[in-house]
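To keep things clear, I will list the structure first and then write my remarks on it.
2 protein chains.
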Amino acid sequence: MEKVKCRRETVPLKQRMLGLKDAMELFAGKWKFSILLNLNEYGEMRFKDLLETTTGISPKVLSKELNDLEQNLMITRTVMNTKPVTVSYAITEYALHAEPVISALIDFGLTHRETIKRR
Amino acid sequence: MEKVKCRRETVPLKQRMLGLKDAMELFAGKWKFSILLNLNEYGEMRFKDLLETTTGISPKVLSKELNDLEQNLMITRTVMNTKPVTVSYAITEYALHAEPVISALIDFGLTHRETIKRR
DNA sequence: CGGCATCCACTTAGATACTG
DNA sequence: CAGTATCTAAGTGGATGCCG
């Protein structure tokens, strides 16, 4: 692990740990990334759509995950004036900030998967 | 979330999700980052040392965390021929691969913490 | 010293059914 | 359609004690 750069080195270790903790808590669980990647790929989606594309999730869990993501400003929730009501979810501009994290995780995860496999 | 780059775009979505999953599983839990950052900062450490610097952890959990990290090649475990035995843990070269992940998480986490706080 | 065994508490996830 | 209610199953974490 080499010397960290930019803002990271201006911040004490304790606080960096807080940042790590926050980020990990936000993305914890089996479904958050899947939901975000789906919303990113397909644009606006309704509850039902997400229930179908997120294979294996139950409505209760999906509901909780969506709430978490909304609380953390990663997605928006829009209730449409139709009958019966439809609700539309979309990814936010703010969620773009998470792209470096996701990229780094994918890169590391794929490399690591190969490394462990051939061990 | 903008277009992904390099190897990430050569890999299908399903597989990218696997990479994400692997990486998240490796780093899940409250202690892994703390242990890695400590080992990185202090070099070789014994079980007892880690038990002290990792505030709040119990021996059972520390033991499990260390095993996980060793299985994933992030640390080495060396038994010394002393009486009574001492065991020394150290971070591996391979763990350097995780640095971009950690940096990205810290950056995002710190920014996000501020964003949420002032909401 | 460096753990593992045991037990318990708590949180989370899943299945299913139901409602506005 | 978009969830909530309820119940149960499972995983995880902490406390404690013991042993080589």
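One line per chain: the protein sequences are F and H, in this order. Position 32 of the first sequence, counting from 1, maps to 32 under my numbering, and the rest follow consecutively. Position 58 of the second sequence, counting from 1, maps to 58 under my numbering, and the rest follow consecutively. Where is the CB? At the ideal position from N, CA and C, for every residue including glycine.
Review point. By DSSP, does H:R118 sit in helix, in strand, or in coil?
Key: coil
Practice item. Would you mind telling me which residues of chain F sit closer than 9 angstroms to H:A90, beta carbon to beta carbon, in chain order? Key: Within chain F, no residue comes near H:A90; the closest Cβ sits about 12 angstroms away, beyond 9 angstroms.
Review point. Got a sec, what are the start and stop residues for the beta strand (DSSP E) H:T86 sits in?
Key: T86 to I91
**Study point:** F:M74, DSSP secondary structure in three states
**Key:** coil
Check your understanding: Excluding the five sequence neighbours on either side, which residues of its own chain have a C-beta within less than 6 angstroms of the C-beta of H:L68, listed in chain order?
Key -> First, the residue type needs correcting, since residue 68 of chain H is Asp and not Leu in the sequence shown. Around H:D68: no qualifying Cβ.
Check your understanding: Buried or exposed: which applies to H:E2, given that a residue is buried once 16 or more other Cβ atoms fall within 10 Å of its Cβ?
Key -> The pLDDT assigned to H:E2 is 47, lower than 50, so where the model puts this residue is not dependable; a value taken from the coordinates is nonetheless given after this. Burial call: exposed.
Exercise for review: For F:V11, return the contacting residues in chain H, with the cut-off set at a CB-CB distance below 9 angstroms.
Suggested key: I106 and L110
Review point. So what does F:R46 bridge to, in DSSP terms?
Key: F:S88
Review point. Where does F:Y89 land, buried or exposed, given buried means 16+ other C-beta within 10 angstroms?
Key: buried
**Study point:** C-beta neighbour in chain F for H:D22, strict 9 angstroms
**Key:** yes
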